[in-house]
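Reading through the structure tokens given below for one structure.
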Amino acid sequence: MLTEPQQKPEPLWLTVFRLLRWDKPAGRLILMIPALWAVVLATRNNPPAILIGVIVLGTLATSGAGCVINDLWDRDIDPRVQRTRNRPLASRALSIRTGIVIAFVSMLCAWGLAQYLNPLSFWLCVAAVPVIVLYPLAKRVFPVPQLVLSIAWGFAVLISWSAAIARLEPAAWLLWGATILWTLGFDTVYALADREDDLRIGVRSSAIFFGDRAPDAIGAFYAGTVVCLAALGLVMDLNPLFWLTLAAATYGWLKHFFQLRRRNLPAIAYGKMFRQNVWIGFILLGGMIGGLIQL
0 MLTEPQQKPE PLWLTVFRLL RWDKPAGRLI LMIPALWAVV LATRNNPPAI
50 LIGVIVLGTL ATSGAGCVIN DLWDRDIDPR VQRTRNRPLA SRALSIRTGI
100 VIAFVSMLCA WGLAQYLNPL SFWLCVAAVP VIVLYPLAKR VFPVPQLVLS
150 IAWGFAVLIS WSAAIARLEP AAWLLWGATI LWTLGFDTVY ALADREDDLR
200 IGVRSSAIFF GDRAPDAIGA FYAGTVVCLA ALGLVMDLNP LFWLTLAAAT
250 YGWLKHFFQL RRRNLPAIAY GKMFRQNVWI GFILLGGMIG GLIQL
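Using numbering that gives the first Met the number 0, the first residue of the sequence shown is number 0, and each one after it goes up by one.
Pasting the structure below:
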């Protein structure tokens, strides 16, 4: 009698890699982008190479720690959601103790990198920790948990800007506002893919809160992002290269808005829109770099 060959166990390092979500670069890059926006603008196109390195490694460590903490909170919820049931803690491929150790090591790495920063940036890092740790709890008690995630994302701007010049200028707050609204937009899109599962198990999200008006809310968030970035361009006197990329980003967000209004899109469409926001973010980064050039 023939038996099916047993599947080879996944190597431990790969399971840990998946726990940190490093196998899904879009989520890591979309946190890194606002930090890079900030350091480029704050230094007027002259960021120290070592600071760029600290930002890149810091976002990898911090976002990895955030993912592990999220999965520790949700270890009994994730198995009930189609998209998350195979995560290492949800599938019990890794133990809770291992998850806690990995989260601690990730935060320790982030703390070590933060030693390079000035006091203002360091304490902003400290202030971000409770937001990162408590975001998963917000999904249980707060109707729009994506706002908590957006605030966590906003710290990337404040930390990076202050790390570059040891202060926060008015332009930094405009970029912070743009990042908050942009994150609310793309993470509400992301939440739409899980809306049915979240309703079934009682998890809250902005996609549920806004209901049928979710496409309109996302459109409003993206419109607010454009307004904040336009104000930033005026305050910093960025040249037409920036405005060209802002127009391209606006076109991309408008396209998403009209797609969302069609309703009943397949879950894969929401993931695609989320990933396209990574490209939009990099296009804007290029526009900020080019916009600072004296023509």
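Glycine included, every Cβ here is placed at the ideal spot set by N, Cα and C.
Use the C-beta contact count for residue i: other C-beta atoms within 10 angstroms, 16 or more gives buried, fewer gives exposed.
i	result
Trp175	buried
Arg203	buried
Gly153	buried
Gly57	buried
Leu13	exposed
Val39	buried
Gly218	buried
Asp22	exposed
Ile179	buried
Leu259	buried
Pro129	exposed
Gly201	exposed
Pro142	exposed
Assuming contact is defined by CB atoms lying nearer than 8 Å, are residue i and residue j in contact in what I supplied?
i	j	result
Arg27	Leu59	yes
Ile207	Ala248	no
Gly65	Ile150	no
Phe220	Ile32	no
Thr240	Gly286	The sequence shown places Leu at residue 240, not Thr. Yes.
Leu93	Leu198	no
Ala37	Val277	no
Ala155	Thr224	no
Leu35	Ile54	yes
Leu283	Leu245	yes
Leu148	Asp196	no
Cys227	Leu173	yes
Excluding the five sequence neighbours on either side, which residues of its own chain have a C-beta within less than 6 Å of the C-beta of residue i, listed in chain order?
i	result
Ala41	Trp160, Ala163 and Ile164
Leu237	Gly290
Ser105	Ala60, Gly63 and Ala64
Arg43	Leu291
Ala171	Trp160
Glu9	none
Taking residue i as the reference, give the member of the options with the closest Cα.
i	options	result
Arg139	Asp75, Gln81, Ala92 and Gly153	Asp75
Leu157	Leu148, Leu123, Ile179 and Gly184	Leu123
Ile68	Leu133, Ile217, Phe185 and Arg166	Leu133
Ala190	Leu180, Ala213 and Glu168	Ala213
Gly210	Leu30, Asn263 and Ala171	Asn263
Phe16	Ala102, Gly52 and Arg194	Ala102
Leu112	Arg91, Ala126, Ile49 and Ile99	Ile49
Gln275	Arg260, Tyr250, Gln293 and Ile288	Tyr250
Pro118	Gln293, Val100 and Arg166	Arg166
Grab me the residues of residue i's own chain with a C-beta within less than 8 Å of its C-beta, minus the 5 sequence neighbours each way, in chain order.
i	result
Asp77	Asp70, Thr83, Arg84, Arg86, Leu88 and Ala89
Pro144	Tyr134, Ala137, Lys138, Arg203, Ser204 and Ser205
Tyr269	Val188, Tyr189, Leu191 and Ala192
Phe256	Pro214, Ile217, Gly218 and Tyr221
By Cβ distance, which residues of its chain are closer than 7 Å to residue i, with the 5 residues on each side in sequence left out?
i	result
Asn294	It should be noted that the sequence gives Leu, not Asn, for residue 294. Within the same chain, Leu294 has close Cβ partners Asn238.
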